Structure formats: structure tokens, C-alpha cells
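Top to bottom, those sequences are chains Y and H.
full-length UniProt numbering applies: residue 1 is where the first sequence begins, and numbers increase by one.
full-length UniProt numbering applies: residue 1 is where the second sequence begins, and numbers increase by one.
Cβ coordinates follow ideal geometry from the N, Cα and C atoms, glycine included.
Since this is a predicted model, take the numbers as computed values, not measurements.
There are 2 protein chains.
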Amino acid sequence: MSSFEDADTEETLTCLQMTVYHPGQQPNGIFQSIGFHKREKLPSREEVKFGRSSKVCNYTFQDRQVSRVQFSLQLFKKFDSSVLSFEIKNMSKRTSLIVDNRTLDFLHKVDLPDRCMIRFGDYQILMEKEDGVSLEFFETEFILSPRSLLQKNYWPPQNPIPEYCHSVWSSSQSTSPMETDENEL
Amino acid sequence: MSSFEDADTEETLTCLQMTVYHPGQQPNGIFQSIGFHKREKLPSREEVKFGRSSKVCNYTFQDRQVSRVQFSLQLFKKFDSSVLSFEIKNMSKRTSLIVDNRTLDFLHKVDLPDRCMIRFGDYQILMEKEDGVSLEFFETEFILSPRSLLQKNYWPPQNPIPEYCHSVWSSSQSTSPMETDENEL
Numbered sequence: 001m002s003s004f005e006d007a008d009t010e011e012t013l014t015c016l017q018m019t020v021y022h023p024g025q026q027p028n029g030i031f032q033s034i035g036f037h038k039r040e041k042l043p044s045r046e047e048v049k050f051g052r053s054s055k056v057c058n059y060t061f062q063d064r065q066v067s068r069v070q071f072s073l074q075l076f077k078k079f080d081s082s083v084l085s086f087e088i089k090n091m092s093k094r095t096s097l098i099v100d101n102r103t104l105d106f107l108h109k110v111d112l113p114d115r116c117m118i119r120f121g122d123y124q125i126l127m128e129k130e131d132g133v134s135l136e137f138f139e140t141e142f143i144l145s146p147r148s149l150l151q152k153n154y155w156p157p158q159n160p161i162p163e164y165c166h167s168v169w170s171s172s173q174s175t176s177p178m179e180t181d182e183n184e185l
Numbered sequence: 001m002s003s004f005e006d007a008d009t010e011e012t013l014t015c016l017q018m019t020v021y022h023p024g025q026q027p028n029g030i031f032q033s034i035g036f037h038k039r040e041k042l043p044s045r046e047e048v049k050f051g052r053s054s055k056v057c058n059y060t061f062q063d064r065q066v067s068r069v070q071f072s073l074q075l076f077k078k079f080d081s082s083v084l085s086f087e088i089k090n091m092s093k094r095t096s097l098i099v100d101n102r103t104l105d106f107l108h109k110v111d112l113p114d115r116c117m118i119r120f121g122d123y124q125i126l127m128e129k130e131d132g133v134s135l136e137f138f139e140t141e142f143i144l145s146p147r148s149l150l151q152k153n154y155w156p157p158q159n160p161i162p163e164y165c166h167s168v169w170s171s172s173q174s175t176s177p178m179e180t181d182e183n184e185l
């Protein structure tokens with residue numbers, strides 16, 4: 001009991017929750033190496049890489065269309081803030097990365113809004129940040145969505161998720177500029 | 001000759017020239033592990049780390065007052081530019097990093113101007129970027145300055161470097177806010 005009472009106060013951790021969807025996720029096991037619904041603690045000094053190569057990436061996608069490193073996340077602190085923020089950078093020469101409605105080419109970077117939609121190819125990742133006190137560490141958590149995240153009423157989600165979802169995001173649109181439908185999202 | 005003629009056109013590389021100075025550089029060999037006057041080619045996808053730990057840093061300073069990782073550089077491309085740019089992030093919890101006259105605390109980051117002065121503790125690093133075409137690789141080059149870089153007339157260098165230089169930057173000022181003399185620099 002005394003060791004409990006004398007221990008340092010535990011700091012809450014900033015958590016980046018990532019809800020992922022890919023139309024081919026079920027049969028192909030694209031996300032098989034990602035552990036869903038468990039939080040992973042990472043040092044905030046380290047770059048977090050996403051892509052195909054398990055040698056260099058923290059999180060991998062089992063998909064030949066994905067670049068060895070597709071994109072990276074950097075932790076940083078804004079000058080006017082006391083909590084951690086994220087920066088995202090497109091590390092792929094072949095595929096654009098779309099953050100909300102902004103298209104990032106190779107080595108383009110932006111600061112991530114607290115809630116935003118990331119897309120590349122047929123991948124959709126809804127990123128939501130939950131603030132914590134610690135500056136040394138942060139957490140990640142993955143959730144698998146059974147349906148497309150690009151529904152009207154879902155992103156931005158003013159209304160509850162509808163029972164039946166109709167995807168407006170198909171393979172052929174994956175790296176092309178914004179479509180009329182998407183402007184409404 | 002034909003292999004020479006058929007080879008891909010060589011792309012020029014962006015070069016970051018770093019002129020370094022520390023008042024204790026001579027007797028203490030602070031910069032002994034840095035190769036001066038030779039360009040090193042690095043992949044632009046990789047973060048470049050500076051600090052005390054040779055395990056994680058690309059460039060190390062032999063100095064116990066330096067953090068294991070003091071700061072890092074990231075390559076990126078601005079949306080309105082075709083060439084590489086650098087971002088700097090303070091990775092030290094203990095020491096502030098000063099970029100020109102802006103103070104960066106732990107995990108603060110800024111985009112580097114093409115020519116700027118970096119300071120932490122008694123260290124001075126004048127960083128100068130020379131643009132190249134390649135986006136895949138860039139180069140670094142270190143130059144050792146025999147005298148302080150914080151002279152009037154030297155930074156910013158409107159005039160030639162004077163023969164005799166008087167340092168306005170001493171140990172006691174290393175992490176404190178700007179002094180009157182420094183505002184003139």
C-alpha cells in the first residue's frame with residue numbers, strides 16, 4: 001500500500017484512435033498484423049511509420065499496392081498549447097495522401113486536426129485525438145470499421161451512423177481529385 | 001563511354017551546410033566525431049538526429065551537457081515549392097533550442113529559414129541551405145568556425161568577418177532569454 005501511495009502520479013496519455021476501413025479488408029487480411037482494440041504506448045520522440053515494410057514501419061498493411069513507407073506521424077507541441085499534437089507526412093512517391101480535403105504529395109506535411117479523415121488508395125482512416133497530460137509518451141488504438149467511413153452523415157458525423165451504409169468511395173476514385181459527391185462529405 | 005552516356009542524368013542534391021562553434025571545442029574535442037569539409041549523402045525520408053548518443057544520432061557531440069538527442073531535422077516539401085525544406089524540432093526536455101531569435105522548448109518545431117542560426121547551451125550552428133533538384137536524397141556538410149558566430153557584422157553577415165572577433169555569447173547566457181547585445185545581432 002505504501003509503495004502505491006508513494007508512487008509518482010500517473011500521467012494521462014494522449015491517445016490517437018484510428019478507425020480503419022478498406023473495401024478488401026475481409027477476404028485479403030490487409031489489417032491482419034494490426035492489433036485492434038488494444039492501446040499501445042509509444043515514446044513521443046519517435047516517428048511512427050505506416051506502410052508495407054515490417055522492417056521500418058510500426059504498423060503494416062498486407063497489401064502490395066501500399067508503399068514500403070506510406071506515411072509517417074510526428075509528435076510535437078504547438079507554441080500555444082500544453083498538449084501533444086500530430087503532424088502527418090506523405091512518404092510515398094506514387095500515391096497521394098488526402099487529409100480531409102487536402103491532397104499531400106511526396107514529402108508534403110500538415111498538422112493533423114484533432115479529428116480528421118486520412119485517405120490513400122482505397123484506405124480510409126478516421127483519426128481522433130484524445131488529449132492527455134504526458135509529453136513523453138502517447139498511445140495508439142485501432143478500430144476496424146465494417147463499413148465505409150465516407151458516408152453522408154458519418155463524416156463529419158453530425159448524425160448517428162445509419163443502419164445501411166452506401167459507399168461513395170470506390171477503387172477508381174482512389175487517387176483522383178475530389179469528386180462532386182465528396183465535396184459534400 | 002556508352003554506360004556513361006546511357007546513365008540517368010545525375011540530379012543535384014540539396015545541401016545543408018552547418019558551420020559550428022563552441023567555446024570549448026579546442027581542448028575538449030567536442031566535435032571529434034564529426035567529419036568536417038566532406039559532404040554526406042542521406043535519404044530525405046529519414047529523420048536526422050543530433051545529440052550525445054551515437055546509438056540513435058547521425059551526428060554526435062562529445063559533451064555530457066548535451067542531451068542524448070538534442071534536436072532533429074526532418075526533410076519535407078512545401079506546398080508552394082519544388083525543392084526540399086527542413087523542419088527542426090527540439091528533442092531535449094532540459095535545454096531550449098533557439099532558432100534565430102525564437103525559443104523552442106521540448107517538442108516545439110519550426111520550419112528552418114534557408115539561412116539561420118541555431119543555438120543551445122554554448123553551441124552555435126549557422127545553417128545554410130543550398131537548393132538541389134533531387135527529392136530522394138540530400139547532403140550535409142560541416143565546417144568548424146575558429147571563432148564565435150555571434151559577432152556584430154557576422155550574423156546577419158552584411159560585412160566581411162572581422163579579423164579579431166569578440167564573443168558576446170558566454171556560458172552564463174546559454175539558455176537565458178535574449179541579452180541587450182544579442183538584440184543587435
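- The beta-carbon separation of H:G132 and H:E11, rounded to 7 Å, stays under the 8 Å limit for a contact.
- Beyond the five residues adjoining it in sequence on each side, Y:I125 comes within less than 6 Å, by CB distance, of M18, V20 and I118 in the same chain, given in chain order.
- Contact between H:E139 and H:R39 is confirmed by a C-beta separation of about 4 Å, below the 8 Å threshold.
- Any Cβ of chain Y closer than 7 Å to the Cβ of H:R45 would place that residue at the interface, and such an atom is present.
- Y:S72 sits in a strand when the DSSP states are folded into three classes.
- DSSP places H:N101 outside any alpha helix (DSSP H), giving it a letter other than H or E.
- Non-local beta-carbon contacts of H:H37 in its own chain, meaning distances under 8 Å to residues more than five positions away in sequence, involve E141, F142 and I143 in chain order.
- One Cα belongs to Y:I98, the other to Y:P113, and the distance between them is close to 13 Å.
- For H:F50 and Y:D80, the gap between their C-alpha atoms comes out near 26 Å.
- Under the three-state reduction of DSSP output, Y:E5 falls in the helix class.
- Only residues of its own chain outside the window of five on either side were considered, and among them L13, K41, L42, P43 and S44 have a CB closer than 7 Å to the CB of H:F137, listed in chain order.
- Our two residues, H:N58 and H:R52, have alpha carbons roughly 10 Å apart in a direct line.
- With fewer than 16 neighbouring CB atoms inside 10 Å of its own CB, Y:F4 falls in the exposed class.
- With fewer than 16 other beta carbons inside 10 angstroms of its own, H:K78 counts as exposed.
- Just so you know, the alpha carbons of H:K109 and Y:V69 end up roughly 23 Å apart.
- H:E47 and Y:E87 do not touch by the CB rule: their CB atoms are close to 12 Å apart, not below 8 Å.
- The three-state secondary structure of H:N58, taken from DSSP, is coil.
- In the DSSP assignment, Y:G51 is bridged to Y:T60.
- Contact between Y:Q62 and Y:G24 does not hold, since their C-beta atoms are separated by about 10 Å, which reaches or exceeds 8 Å.
- Spatial neighbours of Y:R94 in its own chain (CB-CB distance under 8 Å, excluding positions within 5 residues in sequence) are listed in chain order as S67.
- For the set H:R64, H:Q65 and H:S72, the Cα lying nearest the Cα of H:V56 is the one of H:S72.
- For H:H22, there are no C-beta contacts with chain Y under 7 Å, since the nearest C-beta of that chain is about 24 Å from it.
- Under the three-state reduction of DSSP, Y:Q65 is assigned to coil, being neither helix nor strand.
- Within the segment 42–75 of chain H, those residues whose Cβ lies closer than 8 Å to any Cβ of chain Y are, in chain order, S44, R45, E47, V69, Q74 and L75.
- Taking every protein chain shown into account, the CB of H:S33 has fewer than 16 other CB atoms within 10 angstroms, so this residue is exposed.
- Distance between H:T103 and H:K89, taken at the CA atoms: about 11 Å.
- For H:K109, the closest Cβ of chain Y is nearer than 7 Å.
- Chain order gives the chain Y residues near H:L135 as F106 and L107, where near means a beta carbon separation below 7 Å.
- DSSP, read as helix, strand or coil, puts Y:P27 in helix.
- Taking 7 Å as the CB threshold, Y:K129 stays off the interface with chain H.
- Put simply, the CB of Y:M18 is far from chain H, with every gap to its CB atoms at 7 Å or more.
- Under a criterion of Cβ atoms nearer than 7 Å, the residues of chain Y adjacent to H:K89 are, in order, F76.
- In the three-state reduction of the DSSP assignment, H:V20 falls in the strand class.
- For the options Y:S54, Y:L84 and Y:D8, the alpha carbon positioned closest to that of Y:C15 is the one of Y:L84.
- Taken through DSSP and simplified to helix, strand or coil, Y:V133 comes out as coil.
- If you draw a straight line from the Cα of Y:C116 to the Cα of Y:L149, it comes to about 11 Å.
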